[in-house]
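Data block below; observations after.
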């Protein structure tokens, strides 16, 4: 075969190969278009529209999923750490402070006893009955919590520090303490508070030099008629859980700490008592009516 003939044969072969490839590609494209058309015909238009809105593969990122909270409301899924919305200075990151635990009045049920401990789970300091030594219901002032333990003011710790009782005890019955008493020795004043609101202020006499009024946290254990005890106590007595360790020389009265009236109104506002807080009978009568047993009392310098 001459060179010219060989060139003609090769050209014819290449032309045939090109025609075959083009025909094959055209047929494949036609089949793909046909399959796509059949798929779209089977898909409802509402689903296609939702897919278009979501962005589909390669489109916009779908919006964050929603989760249901325990009460059935819809909440957005939590943001990952490091996102702008969770930065420390953002509104999302800021949280209201947890409410502080409020004081409570803890009564010992009739006929029961409760162990007061030196610390949560510590040694037993005393076992308190359901009645005080004056016959009143025994009601403690719980002003602190540690787990299941309540830090209480009681006669088991008469120095103004707290003892601890197990809140799981069936012998205890707790109720919120609506009122509290704060005594400021430097101002010689008592404040009756309901929450953080001061509802009454009383001028008082405080302990004299050498027999200063003890400080710390106490509870109102008894409400007594002062006239039944001595004219010295005025109209009435709010007995507290504390005691006076530094009684004046020759003192023949008891060592129990109290807020009481007086038959010496000129002593109000002075450092003149054996350690108790004395108030005018008119002021103390109002306090007696408002304050229940177990009311927390804090005495500070």
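Numbering (mature numbering (1 follows the signal peptide of the UniProt record, and there is no 0)), first residue to last: -26 to -1, 1 to 275. Every residue, glycine too, gets a C-beta built ideally from N, C-alpha and C. These figures come from a predicted structure and were not determined experimentally.
| Query | Result |
| --- | --- |
| Whole-angstrom C-beta distance between residue 128 and residue 102, which should lie under 8 Å | 6 Å |
| Residue 178 burial status per 10 Å Cβ neighbour count (16 or more: buried) | buried |
| Euclidean distance between Cα positions of residue 184 and residue 253 | 21 Å |
| C-beta contact flag for residue 212 and residue 261 at 8 Å | yes |
| Neighbour flag for residue 112 against chain D, beta carbons, 8 Å | No chain D appears in the structure shown, which is made up of a single protein chain. |
| 7 Å Cβ shell around residue 108 - same chain, five flanking residues per side excluded | 196, 198, 213 |
| Host beta strand (DSSP E) of residue 158 (start-end) | 153 to 158 |
| Nearest-angstrom beta carbon gap, residue 259 and residue 234 [assumed within contact, 8 Å] | Residue 234 to residue 259, Cβ: 12 Å. No contact. |
| Spatial neighbours of residue 118 in its chain, beta-carbon cut-off 7 Å, leaving aside the 5 residues before and after | 125, 136 |
| Close-in-space but distant-in-sequence residues of the same chain around residue 13 (CB under 8 Å, 5 per side omitted) | Reliability of the predicted coordinates at residue 13 is poor, the pLDDT of 45 falling under 50, and the value obtained from them is presented with this limitation in mind. Hits under 8 Å: none found. |
| Collapsed DSSP secondary structure at residue 94 in the structure displayed | coil |
| Alpha-carbon spacing of residue 205 relative to residue 238, whole angstroms | 10 Å |
| Cα-Cα separation between residue 106 and residue 201, rounded to whole angstroms | 20 Å |
| Sub-8 Å separation of residue 246 and residue 182 beta-carbons | yes |
| DSSP bridge partner residues for residue 273 (one or two, in chain order) | 157, 190 |
| Assigned exposure category for residue 76 - 16 Cβ within 10 Å defines buried | exposed |
| Pairwise C-alpha distance: residue 123 and residue 89 | 12 Å |
| Under 8 Å between C-beta atoms of residue 79 and residue 130 | no |
| Residue 37 - DSSP class collapsed to helix/strand/coil | Its pLDDT being 37, under 50, residue 37 is placed unreliably by the model, and the measurement read from it follows with that caveat. If DSSP states are grouped into helix, strand and coil, residue 37 belongs with coil. |
| Cβ-Cβ distance between residue 257 and residue 176 below 8 Å | yes |
| 8 Å contact criterion, which residue 82 and residue 146 should meet: CB distance rounded | 7 Å |
| Environment of residue 191 [buried if 16+ CB atoms lie within 10 Å] | buried |
| Best match in 249, 236, 210 for proximity to residue 217 [C-alpha to C-alpha] | 249 |
| Contacting residues, own chain, Cβ-Cβ under 6 Å from residue 172 (five flanking each side not counted) | 165 |
| Residue 139 versus 272, 110, 87, residue with shortest Cα-Cα distance | 87 |
| Exposure of residue 149, with buried meaning 16 or more beta-carbon neighbours within 10 Å | exposed |
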